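Asker: The opening position of the sequence shown corresponds to residue 204 in our numbering, with each subsequent residue numbered one higher. We put the beta carbon where it would ideally sit given N, CA and C, even for glycine. From a predicted model like this one, the values you see are computed outputs, not experimental measurements. Please read through the structure below; I'll follow up with questions.
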Amino acid sequence: MAETLGVNARIKIATTVVARMRSWNLTVNGEMIDISEFGDEWINNAMGMKSWSASIEGMVDLADTQQDTLRTAATAGTKLTTLRFYVDGTEYYLGDCYITSYTVTAENKSVVTFTMTLTGSSSLALTS
Numbered sequence: 204m205a206e207t208l209g210v211n212a213r214i215k216i217a218t219t220v221v222a223r224m225r226s227w228n229l230t231v232n233g234e235m236i237d238i239s240e241f242g243d244e245w246i247n248n249a250m251g252m253k254s255w256s257a258s259i260e261g262m263v264d265l266a267d268t269q270q271d272t273l274r275t276a277a278t279a280g281t282k283l284t285t286l287r288f289y290v291d292g293t294e295y296y297l298g299d300c301y302i303t304s305y306t307v308t309a310e311n312k313s314v315v316t317f318t319m320t321l322t323g324s325s326s327l328a329l330t331s
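Shown next as structure tokens:
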């Protein structure tokens, strides 16, 4: 089995690449429901609802329309429905989400960067 290299990862809105991105992180969580009853010596659990969240990081590019779409969604509270997290050239994760935090960092000896935290608002699917 061949490795999947991060250099081939991308973030796109629909089919257009978001410029100057450096990293993304995606987490899926499941809510455990305790279904233990009297007499049980061990906790019994059942899987409840699932959720997902993500973080993205990149270099600020004020001329990039896709970054502008992200900034606008962050400040307006708009749901993103076409944000895609590409693992390679064809496989990507897709699900509706909101940007729940947006941070811009400027340092003297570096480029201006931004990070965003996203919270899923639908199921998440790996698609090709």
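Is it true that the stretch 241-249 meets the stretch 299-314, where meeting means three or more beta-carbon pairs spaced less than 8 angstroms apart?
Answerer: no
Asker: Taking only the alpha-carbon atoms, compute the straight-line gap between residue 254 and residue 231 and give it to the nearest angstrom.
Answerer: 6 angstroms
Asker: What would DSSP say about residue 273, mapped onto helix, strand or coil?
Answerer: helix
Asker: Under 8 angstroms, do residue 298 and residue 328 count as touching if we go by C-beta distance?
Answerer: yes
Asker: Taking only the alpha-carbon atoms, compute the straight-line gap between residue 239 and residue 251 and give it to the nearest angstrom.
Answerer: 14 angstroms
Asker: Tell me whether residue 235 is buried or exposed, calling it buried when 16 or more other Cβ atoms sit within 10 Å of its Cβ.
Answerer: exposed
Asker: From residue 224 to residue 277, what distance separates their C-alpha atoms?
Answerer: So the two alpha carbons sit approximately 17 angstroms from each other.
Asker: With 16 other CB atoms within 10 Å as the buried threshold, where does residue 249 fall?
Answerer: exposed
Asker: Name the residue from 214, 320, 330 whose alpha carbon lies nearest to the alpha carbon of residue 294.
Answerer: 330
Asker: Determine the direct distance from the alpha carbon of residue 237 to that of residue 214, and round the result to whole angstroms.
Answerer: 37 angstroms
Asker: Straight-line CA distance for residue 385 to residue 261?
Answerer: The structure shown does not extend to residue 385, since the chain is modelled only from 204 through 331, so no value can be given for it.
Asker: Are residue 323 and residue 256 closer than 8 angstroms when you measure CB to CB?
Answerer: Result yes, Cβ atoms of residue 323 and residue 256 sit closer than 8 angstroms.
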